[in-house]
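Residue numbers (my numbering): 46 to 406.
Read the structure below first, then the notes.
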Ligand code: GLY
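Shown next as structure tokens:
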């Protein structure tokens, strides 16, 4: 049996997070399906081709009824119309409350399937089987589920914890290098905001080629960091969970403005991290040397460090309308040293404007 490292995540419900290499091949050894009446596998067309058949076979071997609901690939699938199609599918398959939804895929699949699970019959269990680095280190754990609405990301959703997360780093071997880099932006986020040790590991890395052992270590570290935060602020009420949004204020704004279209979430977050580092430097809390170190690391992983051609004014406007803005005041996560993010900071718009102008040049 391939063993996984189990991280306990205790929130409104317990959610063990298992990280390992080769877990998916013997899923039944890592999750107890016995209490469920049936299973619905939700995945996308590409992931289905790569891993869906194997997972379906494992689920079917339990002797329960198993059905498959496939989403198209890409962010556009993360919509209320997909959710409605999901409800129709569940209804037509007579899915009851004892059914388990298995979400096999990246963030789009996990967030959408999680939202279907959260709302169908007022909530049924779901298992997260993340297949991208970004989903393994971030989106699959913590219970944020939802879809985009009227062009706004994650506008409609809920906090609904999965029953378990099983992160198999063997699945990352088939990830295109670009996808891998985007996940690395979230890993860099954890390192700068919360974990200097992780930062040093990334700094020492000479190439983009990660072994299974290295990936296991990185995913485990990030999951542990996230679990620690989610446990103390499950529904983002006390402000502690905001640390996980490090780099995302400018990142989300970039995703919202048209000139950055075609770029990924990870690329937007990478530029967002640089923006925060520069803002922190202007405020006198981060040393110039650290800003240079951060830039060097992001560039090493072939992620962007600026966004030439984007309008700084459009970015400022997008920041003003971010859903995390409270009473018209953006709460920033800044950084005062590697591994030392600080939440709930206000920054004068003039300082933000100057940094954005630099980055957009
Ligand atoms: N990805 C940020 C969070 O889960 O809170």
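Ideal placement from N, C-alpha and C gives every residue a C-beta, glycine not left out.
The structure presented is a predicted model; accordingly, all values stated were derived computationally and were not measured.
Distance cut-off 7 Å: residue i Cβ against heavy atoms of the ligand GLY
i: residue 265; result: no
i: residue 112; result: no
i: residue 398; result: no
i: residue 187; result: yes
i: residue 290; result: yes
i: residue 28; result: Nothing about residue 28 can be read from this structure; the chain reaches only from 46 to 406.
i: residue 269; result: no
i: residue 389; result: no
i: residue 184; result: yes
i: residue 286; result: yes
Residue i - containing beta strand (DSSP E), residue span
i: residue 201; result: 197-204
i: residue 388; result: 386-390
i: residue 209; result: 209-213
i: residue 194; result: 189-194
i: residue 401; result: Unbroken run through residue 401 is the alpha helix (DSSP H), 394-405; no beta strand (DSSP E).
Beta-carbon proximity check, residue i vs residue j, cutoff 8 Å
i: residue 207; j: residue 191; result: no
i: residue 255; j: residue 203; result: no
i: residue 388; j: residue 284; result: yes
i: residue 113; j: residue 219; result: no
i: residue 148; j: residue 172; result: yes
i: residue 405; j: residue 355; result: yes
i: residue 176; j: residue 216; result: yes
i: residue 364; j: residue 340; result: no
i: residue 101; j: residue 86; result: yes
i: residue 78; j: residue 107; result: yes
i: residue 397; j: residue 277; result: no
Limits of the alpha helix (DSSP H) - the one that residue i falls within
i: residue 109; result: Per DSSP, residue 109 belongs to no alpha helix (DSSP H) and is neither H nor E.
i: residue 362; result: 357-365
i: residue 445; result: Residue 445 falls outside the range modelled here, since the chain spans only 46 to 406, and no answer is possible.
i: residue 339; result: 333-345
i: residue 64; result: No alpha helix (DSSP H) holds residue 64; the beta strand (DSSP E) holding it covers 62-65.
Outcome for residue i when other beta-carbon atoms lying within 10 angstroms are tallied against a minimum of 16
i: residue 139; result: exposed
i: residue 300; result: buried
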